[in-house]
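Participant: Following our numbering, the numbering of the sequence shown begins with 479 at its first residue and continues without gaps.
All C-beta atoms in this analysis are idealised placements derived from N, C-alpha and C, irrespective of residue type, glycine included.
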Amino acid sequence: MEGASQAGAAVEIIDITKLRINFCKGCGTCYNQGKCDQDDDFSYVMDKLIRSEGIIFGSPSYIDSVTGQMKTMIDRMSDVVHCQQFSGKYGMSICTTGSSGAELVVSYMNNFLIGCGATVVGGASAAIGQKPGSINDAAEKSYLLGKDLIAAFNESRTYPEQEAVHRKNREVFGESVRANKEKWAHDYLYWVQKGWV
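Next up, the structure:
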């Protein structure tokens with residue numbers, strides 16, 4: 479965040495462990511209405527993410543995966559995936575662990591960002607229990623990635639491999655949205671307004 483701030487960004491930390499975010503019920507209301515009908519803090523977080531230009535996901539590795547809170551948040555964002563609502567945004571991920579799984583967690587979060595349409599500039603991690611000094615290297619890498627996140631946004635940078643994933647996702651989700659346009663009324667209208675269908 480310091481790197482992004484020094485590069486000119488306004489930054490904010492959202493600690494989802496201090497919020498109440500319920501499990502996804504799989505009801506499909508978000509596809510039909512464009513919002514979740516659960517009364518919790520999810521809409522607060524989503525409003526912040528949708529209005530942002532850059533997103534940094536952070537999670538410690540809990541047995542080689544993200545925390546339960548992060549997974550719950552991600553599970554609630556299926557409409558973001560369907561509608562590719564992070565298109566035009568840039569992202570990165572960071573993770574710490576005692577021993578293992580940090581790279582897996584960074585990859586998981588970055589792949590999720592790409593799956594939502596974002597462009598990812600990289601990730602940083604540290605296995606503090608194995609290499610106590612690795613936190614210093616990861617902090618420096620995170621700082622530089624924060625600066626690069628803002629540079630990538632300012633340059634409208636693209637990455638061919640990620641652009642290929644975005645095109646494929648638009649194709650796959652476009653077919654699903656068209657096939658379910660009555661049941662997924664919001665998603666279909668969103669795609670029409672974007673000019674994707």
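What first and last residue would you give for the alpha helix (DSSP H) that runs through S483?
Facilitator: For this step, residue 483 is matched to residue 5 along the sequence shown. Segment E480 to Q484, the alpha helix (DSSP H) holding S483.
Participant: By the 10 Å Cβ neighbour count, where 16 or more other Cβ atoms means buried, how is I628 classified, buried or exposed?
Facilitator: Here residue 628 refers to the residue found at position 150 of the sequence shown. Result: buried.
Participant: To the nearest angstrom, how far is the alpha carbon of K659 from that of L622?
Facilitator: Numbered from 1 along the sequence shown, position 181 holds the residue referred to as residue 659. Numbered from 1 along the sequence shown, position 144 holds the residue referred to as residue 622. Taking the straight line from one Cα to the other gives about 43 Å.
Participant: When burial is assigned at 16 or more other CB atoms within 10 Å of the CB, is K625 buried or exposed?
Facilitator: Counting from 1 along the sequence shown, the entry for residue 625 is found at position 147. That one is buried.
Participant: Is it true that the CB of G569 sits closer than 8 Å to the CB of F535?
Facilitator: Start at 1 with the first residue of the sequence shown, and residue 535 comes out as number 57. Start at 1 with the first residue of the sequence shown, and residue 569 comes out as number 91. Yes. Within cutoff.
Participant: Which one of D553, G595, W669 and S620 has the shortest CA to CA distance from S483?
Facilitator: By 1-based counting over the sequence shown, the position of residue 483 is 5. With distances taken between Cα atoms, S483 lies closest to S620.
Participant: Please confirm whether F564 and L591 have their CB atoms less than 8 Å apart.
Facilitator: Position 86 of the sequence shown holds residue 564. Position 113 of the sequence shown holds residue 591. Yes. Within cutoff.
Participant: Pick out the complete beta strand (DSSP E) segments inside the segment 484-565, 3 residues or longer, and give them in chain order.
Facilitator: 532-536
Participant: Work out the CA separation of K549 and R498 for me, nearest whole Å.
Facilitator: For the purposes of this step, residue 498 is taken as the residue at position 20 of the sequence shown. For the purposes of this step, residue 549 is taken as the residue at position 71 of the sequence shown. Each residue's alpha carbon lies about 13 Å from the other.
Participant: Using a Cβ-Cβ cutoff of less than 8 Å, which residues in the same chain neighbour A698 once the five nearest sequence positions on both sides are dropped?
Facilitator: Residue 698 cannot be examined here, being either before or after the span of the chain that is shown, 479 to 675.
Participant: Report the rounded CA-to-CA distance for V583 versus V670, giving the unit in angstroms.
Facilitator: Translated into positions along the sequence shown, residue 583 becomes position 105. Translated into positions along the sequence shown, residue 670 becomes position 192. Their backbone Cα atoms lie some 34 Å apart in a straight line.
Participant: When you compare the segment 541-555 with the segment 572-579, are there three or more beta-carbon pairs, one atom per stretch, that lie closer than 8 Å?
Facilitator: yes
Participant: Roughly how many whole angstroms lie between the Cα atoms of E581 and K513?
Facilitator: Here residue 581 refers to the residue found at position 103 when the sequence shown is read from its first residue. Here residue 513 refers to the residue found at position 35 when the sequence shown is read from its first residue. Roughly 32 Å between the two C-alpha positions.
Participant: Note down, one range per segment and in chain order, each beta strand (DSSP E) of at least 3 residues found wholly within the segment 604-675.
Facilitator: The segment 604-675 contains no whole beta strand (DSSP E) run of 3 or more residues.
Participant: DSSP three-state call for S577: helix, strand or coil?
Facilitator: Here the question's residue 577 lines up with position 99 in the sequence shown. Correct three-state label for S577: coil.
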